[in-house]
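Basically our numbering = 1-based index in the sequence shown + 535. Some notes on the structure that comes next.
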Amino acid sequence: MKNLINLCFLFLLTISLTAQDSGEIYFTVKQKLEFKAPAGVDLSGMLPTEMVEDKVLLFNKEQSVFYDGPEEEEEKTLSSDDGSFTMTISESEIESRFYTDLKTQETFYQQGFMEKPFIISGKTEKLKWKLTSEKVKYLGYECIKATTTIEEDEKIKEIVAWFAPAIKFSVGPKSYGQLPGAILMLSIDGDKTEIKATKIVLDLDATIEKPIDGKLVTEEEFEKIMESKMIEMKKAYGGSRASGVTIMKSN
536 MKNLINLCFL
546 FLLTISLTAQ
556 DSGEIYFTVK
566 QKLEFKAPAG
576 VDLSGMLPTE
586 MVEDKVLLFN
596 KEQSVFYDGP
606 EEEEEKTLSS
616 DDGSFTMTIS
626 ESEIESRFYT
636 DLKTQETFYQ
646 QGFMEKPFII
656 SGKTEKLKWK
666 LTSEKVKYLG
676 YECIKATTTI
686 EEDEKIKEIV
696 AWFAPAIKFS
706 VGPKSYGQLP
716 GAILMLSIDG
726 DKTEIKATKI
736 VLDLDATIEK
746 PIDGKLVTEE
756 EFEKIMESKM
766 IEMKKAYGGS
776 RASGVTIMKS
786 N
């Protein structure tokens, strides 16, 4: 009987130790859409106001990858609040994957541009998180509030994160992490971008691979490629900007 008890104890101990070797968190990402209409045109109330996407964060002790969820469609149909206007946004067939080496903080972002695959290499920005005493219960986990700011497009944006210390990984959506626990809720620039976990799975054997399908470039090189292609497109249209609506999506 004593041996049986010892075996049961060792089995339960093994489960508790291995349960957090890796895991995955499913997220819903909600982004406000901003539209730049032609001068003199009032489009208020006529166009979609937000976009919703499903994402998955897969992680272990050394790596993480943030990618499109299984329910994510290649085409999204957005409608205005009154239903008078709809638009279809076609996603690239090249899967978007944001990989992070948690030890070196190197990042490799796989994405498509003009139907060509790129892998953008970079480094995780060191965020100066401020921990607060605020706590909430979310998806069965006690979460602590943390805040920081980033500078983007010459504007200071506030980041608010709720992380779960019981999930002992410094991970979060895309490049956001570096907290003593996994981020389950995140907001950027007020309610411009809201990211919330919908499901958490910790007891799995996760295999994570760094993206390799695409041309490896730095962030600066990728920006120059995009600028060059935009100039080509403008020339193709006679040097004038196509009339219509420009969609601005928050990061």
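Backbone N, C-alpha and C fix where the C-beta goes; we use that ideal spot for every residue, glycine too. Given the structure is predicted, the values throughout are model-derived calculations rather than measurements.
Taking the alpha-carbon of residue i as reference, which of the options has the nearest alpha-carbon?
i	options	result
Met586	Ile560, Asp738, Asp726 and Leu751	Asp726
Pro605	Tyr561, Tyr634, Leu568 and Lys565	Tyr561
Ile679	Ile691, Phe698 and Ile685	Phe698
Ile702	Glu762, Lys596, Thr683 and Lys658	Lys596
Gln566	Asp589, Met761 and Ser557	Asp589
Val600	Met768, Val752, Thr742 and Ile760	Thr742
Glu762	Tyr673, Gln640, Thr684 and Phe648	Phe648
Ser631	Thr639, Gln646, Glu641 and Leu637	Gln646
Val706	Asp688, Leu568 and Thr642	Thr642
Asp636	Thr683, Pro700 and Gln598	Gln598
Pro700	Lys672, Lys764, Met768 and Thr684	Lys672
Lys764	Glu650, Thr639, Glu689 and Asp688	Glu650
Leu568	Lys690, Thr728, Asp688 and Glu689	Thr728
Helix or strand or just coil, what does DSSP make of residue i?
i	result
Glu754	helix
Ile694	strand
Ile734	What sits at residue 734 in the sequence shown is Lys, not Ile. Lys734: strand per DSSP, three-state reduction.
Ser557	strand
Ile679	strand
Lys663	coil
Glu669	strand
Ala771	helix
Glu744	coil
Lys764	helix
Lys709	coil
Ignore the nearest five residues each way along the sequence and tell me which others in residue i's own chain have a CB closer than 6 Å to its CB.
i	result
Phe704	Phe594 and Ala717
Lys652	One detail in the question is off: residue 652 reads as Pro in this sequence, not Lys. Contacts found: Ile629, Asp748 and Gly749.
Asp740	none
Ile730	Phe562, Val564, Pro708 and Leu721
Tyr644	Phe633 and Ile655
Ala771	none
Gly774	Caution applies to Gly774, whose pLDDT of 49 falls short of 50 and renders its modelled position unreliable; the model cannot decide the point.
Glu686	none
Glu758	none
What are the residues that DSSP puts in a beta bridge with residue i?
i	result
Gly647	Pro652
Ile629	In the DSSP output, where bridge partners are listed per residue, Ile629 has none listed.
Phe601	Leu592 and Phe633
Phe562	Lys590 and Ala732
Ser489	In the structure as shown, the chain starts at 536 and stops at 786, and residue 489 therefore has no counterpart that could be examined.
Leu843	Only positions 536 to 786 of the chain appear in the structure, and residue 843 is not among them; the question remains open.
Ile685	Lys692
Gly657	Thr642
Lys567	Glu585
Ala717	Ala699
Return the chain-ordered list of same chain residues with a C-beta closer than 7 Å to the C-beta of residue i, the five sequence neighbours on each side being excluded.
i	result
Ala681	Trp664, Lys665, Leu666, Thr667, Ala696, Phe698 and Leu714
Lys638	Glu597
At a threshold of 6 Å, does residue i count as lining the ligand GTP (C-beta to nearest heavy atom)?
i	result
Ile730	The model on display carries no ligand, and the ligand GTP is accordingly not part of it.
With C-beta atoms as the reference, is residue i less than 7 Å away from residue j?
i	j	result
Lys692	Asp724	yes
Glu660	Lys670	no
Leu674	Ile735	yes
Glu756	Gly657	no
Tell me which residues share the same chain as residue i and place their Cβ nearer than 8 Å to its Cβ, disregarding the 5 neighbours each side in the sequence.
i	result
Tyr711	Leu662, Ile694, Ala696, Ile718 and Leu721
Val591	Glu559, Ile560, Tyr561, Phe562, Phe601, Tyr602, Asp603, Gly604 and Pro605
Ile760	Phe648, Phe653 and Val752
Measure from the C-beta of residue i to each C-beta in chain B and report whether the shortest distance is under 7 Å.
i	result
Asp589	No chain B appears in the structure shown, which is made up of a single protein chain.
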